[in-house]
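Protein chains in written order, with my numbering: chain A, 2 to 317; chain B, 158 to 436.
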């Protein structure tokens with residue numbers, strides 16, 4: 002045990018007692034150490050408090066947001082686009098794929114009135130699908146589905162068609178309005194990979210569709226800095242309620258698909274009919290359902306869950 | 158277990174309070190018996206115990222690990238949101254479809270205010286992981302370079318000695334095996350906790366990048382098993398923490414002060430008996 006208590010009751014001892022000198026030294030060092038420790042604790046707490054109270058960056062305290070972005074950049078530097086998601090035999094795929102997100106999803110969308118708006122292309126004028134402003138395209142709801150389910154209008158938050166305040170530029174955006182025929186004309190790819198949700202669950206899913214890289218080759222974007230491909234791809238739902246941003250190297254990854262089939266069947270509306278994004282190196286939050294528009298830019302496009310405090314990269 | 162003083166605890170106060178008459182052999186053991194005017198050497202000495210670096214790394218690890226567990230629970234909440242689903246296969250005691258005990262009922266998360274904080278939990282976890290990992294790495298490097306690992310690595314018969322230490326600490330056995338700076342039980346515990354830290358980082362990486370690092374995830378038994386390991390390693394820290402605090406409380410002030418101020422007070426037991434020999 003300690004020798005400290007004895008020094009408290011050792012008043013009868015001469016101050017010359019050499020042990021008392023040692024005890025004094027011990028007390029000094031102990032006091033100093035506790036003070037330094039307390040100062041260190043207060044200092045660390047203060048730095049943390051200060052760092053966490055500075056204006057938020059993308060919904061998060063700057064150190065946290067910067068670290069998430071750093072982690073994402075680091076994993077791009079380490080893995081690049083070389084990493085491939087493991088694939089499984091078709092028999093591993095689940096028959097009934099879980100539906101987990103409905104934001105931006107119109108469960109009554111009329112598929113014949115669906116168009117894929119493609120913006121920021123290199124030479125859109127040469128295409129037969131060219132329009133001066135892709136944002137003027139009007140999607141439509143299937144009145145029969147609407148009539149069957151009177152809860153549906155809770156999902157459809159306005160038609161959003163000309164919602165220029167919700168992330169759209171003031172002026173017209175020339176581009177293409179593509180139908181599913183244009184997507185189906187691209188080489189067909191089948192892939193069985195695991196969809197991982199950022200909540201923790203995962204499912205092996207049998208996807209079918211076209212590589213996004215094939216789409217980008219077929220519809221080359223306007224060059225970005227230094228004449229290269231733009232750094233980012235943005236996708237939004239027709240109502241612009243849900244939107245994701247992808248780095249170009251993720252978009253060009255061989256397993257990133259414009260998906261239109263699950264288990265060999267066309268997508269159902271709750272899985273994002275007619276066309277959704279599948280990118281198995283990212284969490285499910287990046288797998289935007291019901292793509293309305295694709296755009297290209299050197300600046301990071303807005304991203305729904307990054308705006309809600311999640312990692313922009315969301316790679317796993 | 159944490160009793161690291163060089164003499165049995167019970168003897169120290171008795172020596173001072175009983176003030177025995179000068180012993181027959183000339184030992185400077187009882188300074189009160191030495192006349193004050195006579196020059197004498199102190200029988201108490203400050204013996205350096207834990208280097209400054211070790212102490213900082215030790216204490217920094219406490220809030221870091223606590224915050225890692227706090228943010229980890231926010232991640233578990235999202236994984237437990239739908240009762241009876243997937244997550245409960247991992248954070249429980251059970252086998253197959255049979256479950257004895259689930260760790261995180263809704264009330265647990267509600268009480269601790271950990272609900273609906275997945276994004277917060279993830280961002281904190283992936284921020285703190287750097288500090289936790291760097292602190293751990295520096296500790297291992299320092300321990301290796303400074304030679305402190307020699308005190309920490311279990312020796313031959315460590316398991317048998319640790320068992321005797323345990324029996325002694327439970328007052329089931331008299332006397333303890335001879336030991337150096339740490340007893341065998343401490344050596345095993347302090348070595349295992351470093352291995353557990355490495356395990357947490359590896360299993361953490363395996364569930365952080367299960368696709369890009371899928372070879373590591375596969376090596377650790379797959380996505381679900383890596384989570385299972387990550388969870389149980391954390392439970393191991395909690396158990397370690399509880400035992401550690403109890404042992405430190407039992408070992409007393411001299412031992413605790415060693416981890417704050419770096420030294421312990423030791424008393425020479427006789428002439429020619431050096432501190433090294435006592436160890």
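Don't be surprised by glycine CBs; every beta carbon is placed ideally from N, CA and C.
Note down the Cα distance separating residue 20 of chain A from residue 29 of chain A, rounded to an integer number of angstroms. 14 Å
Under the rule that 16 or more other beta-carbon atoms within 10 Å means buried, what is residue 62 of chain A, buried or exposed? buried
Sort A/304, A/92 and A/66 by Cα distance to residue 264 of chain A and report the nearest one. A/92
Do the CB positions of residue 177 of chain A and residue 220 of chain A come within less than 8 Å of each other? yes
Could you give the DSSP three-state label for residue 81 of chain A: helix, strand or coil? coil
Return the CA-CA distance between residue 287 of chain A and residue 278 of chain A, expressed in angstroms with no decimal places. 8 Å
Between the Cα of residue 110 of chain A and the Cα atoms of A/290, A/299 and A/314, which residue gives the shortest distance? A/290
Report yes or no: is there a C-beta of chain A within less than 8 Å of the C-beta of residue 277 of chain B? yes
Residues in its own chain within less than 7 Å of residue 193 of chain B by CB, not counting five upstream and five downstream? No answer about residue 193 of chain B holds up, because its pLDDT of 48 lies below 50 and its placement is not dependable.
Does DSSP put residue 207 of chain A in a helix, a strand or coil? strand
For the region 387 to 404 of chain B and the region 306 to 313 of chain A, state whether three or more C-beta atom pairs, one from each stretch, are separated by less than 8 Å. no
Contacts that residue 317 of chain A makes with chain B (C-beta to C-beta distance below 8 Å): 365, 366, 367, 368 and 369
Taking only the alpha-carbon atoms, compute the straight-line gap between residue 68 of chain A and residue 284 of chain B and give it to the nearest angstrom. 6 Å
Just confirm the distance between the C-beta atoms of residue 323 of chain A and residue 174 of chain A, as a whole number of angstroms; I'd bet it's less than 8 Å. An answer regarding residue 323 of chain A cannot be provided, because it is not within the stretch 2 to 317 covered by chain A.
Ordered along the chain, which non-local residues of its own chain (more than five positions away) have a Cβ less than 7 Å from that of residue 319 of chain B? 341, 342 and 345
Compare the C-beta of residue 54 of chain A with all C-beta atoms of chain B and state if any pair is closer than 8 Å. no
Who are the Cβ neighbours of residue 107 of chain B in its own chain at under 6 Å, not counting the five residues just before and after it? Residue numbering for chain B in the displayed model covers 158 to 436; residue 107 of chain B lies beyond these limits and cannot be assessed.
Within chain B, partners of residue 80 of chain A - CB distance below 9 Å: 366, 369 and 370
Chain B beta carbons: is any one of them nearer than 8 Å to that of residue 20 of chain A? yes
Less than 8 Å between the beta carbons of residue 235 of chain A and residue 298 of chain A, yes or no? yes
Rounded to the nearest angstrom, what separates residue 245 of chain A and residue 220 of chain B at their Cα positions? 35 Å
Please report the straight-line C-alpha distance between residue 258 of chain B and residue 249 of chain B, rounded to a whole angstrom. 6 Å
If you reduce the DSSP assignment to three classes, tell me which class residue 229 of chain A lands in. coil
For residue 260 of chain B, would you say it is in contact with chain A, using Cβ-to-Cβ distances shorter than 8 Å as the test? no
Nearest residue (CA-CA) to residue 81 of chain A, options B/376, B/374 and B/369: B/369
Sequence-distant residues of its chain with Cβ nearer than 6 Å to residue 161 of chain A (five each side left out): Summary for residue 161 of chain A: the model assigns pLDDT 46, below 50, so the residue's position carries little reliability, and this model does not support an answer.
By the three-class DSSP mapping on this structure, what secondary structure does residue 147 of chain A have? helix
Enumerate in chain order the residues of its own chain whose CB-to-CB distance from residue 302 of chain A is below 6 Å, with the five nearest sequence positions on each side excluded. 233, 235 and 246
Helix, strand or coil at residue 236 of chain A according to DSSP, with G and I counted as helix: strand
Are the beta-carbon atoms of residue 275 of chain A and residue 261 of chain A separated by less than 8 Å? yes
Under 8 Å, Cβ to Cβ, is there at least one residue of chain A near residue 198 of chain B? yes
Specify the secondary structure class of residue 303 of chain A as computed by DSSP and reduced to three states. coil
Do you know offhand how far residue 285 of chain A's Cα is from residue 278 of chain B's? 18 Å
Could you give the uninterrupted runs of the beta strand (DSSP E) lying entirely in the region 402 to 431 of chain B, keeping only those of 3 residues or more? 420 to 424
Would you decide whether residue 50 of chain A is buried or exposed? Buried here means 16 or more other CB atoms lie within 10 Å of its CB. exposed
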